[in-house]
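Encoded as structure tokens, the structure appears first; notes follow it.
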Amino acid sequence: MPVRQFVKYTFLKVDPAWRRLDDERRAADKREFIAACDDFADGHLLRAFSLVGTRGDADLMLLSQAQNLERIHEFHVVLAQ
Numbered sequence: 834m835p836v837r838q839f840v841k842y843t844f845l846k847v848d849p850a851w852r853r854l855d856d857e858r859r860a861a862d863k864r865e866f867i868a869a870c871d872d873f874a875d876g877h878l879l880r881a882f883s884l885v886g887t888r889g890d891a892d893l894m895l896l897s898q899a900q901n902l903e904r905i906h907e908f909h910v911v912l913a914q
């Protein structure tokens with residue numbers, strides 16, 4: 834029996850206000866984002882694609898894939914914080 838895979842494409846845009854934050858705050862935010870991605874990527878498929886210059890409404894696309902839909906949901910809850 835084939836294994837089911839759930840796939841989610843997430844499009845993200847950087848808030849211009851975030852770009853005006855000091856370097857330390859932005860670096861901390863980047864570390865948190867990378868930690869969340871690394872945590873999900875352990876045992877799951879996660880790919881990031883830059884959309885800069887190709888779409889006006891998004892800067893980054895995340896492709897996440899897992900056998901468990903709840904795990905994808907948990908990942909996106911963490912990203913939304």
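Every letter in the sequence shown is one number past the one before it in this note's numbering, and letter 26, counting from 1, is 859. Virtual Cβ for every residue (Gly too), placed ideally from N, Cα, C.
Residue i versus residue j - alpha carbon distance
{"i": "V836", "j": "P849", "result": "41 Å"}
{"i": "F882", "j": "M834", "result": "32 Å"}
{"i": "I905", "j": "E865", "result": "17 Å"}
{"i": "N901", "j": "T887", "result": "31 Å"}
{"i": "A861", "j": "A913", "result": "16 Å"}
{"i": "R852", "j": "M894", "result": "19 Å"}
{"i": "Y842", "j": "E903", "result": "15 Å"}
Limits of the alpha helix (DSSP H) - the one that residue i falls within
{"i": "A860", "result": "D856 to A874"}
{"i": "R852", "result": "P849 to R852"}
Residue i vs residue j beta-carbon contact at 8 Å
{"i": "F908", "j": "A868", "result": "no"}
Range covered by the beta strand (DSSP E) that runs through residue i
{"i": "L879", "result": "L878 to S883"}
{"i": "V840", "result": "F839 to L845"}
Identified DSSP bridge partners for residue i
{"i": "A899", "result": "F839"}
{"i": "M894", "result": "F844 and F882"}
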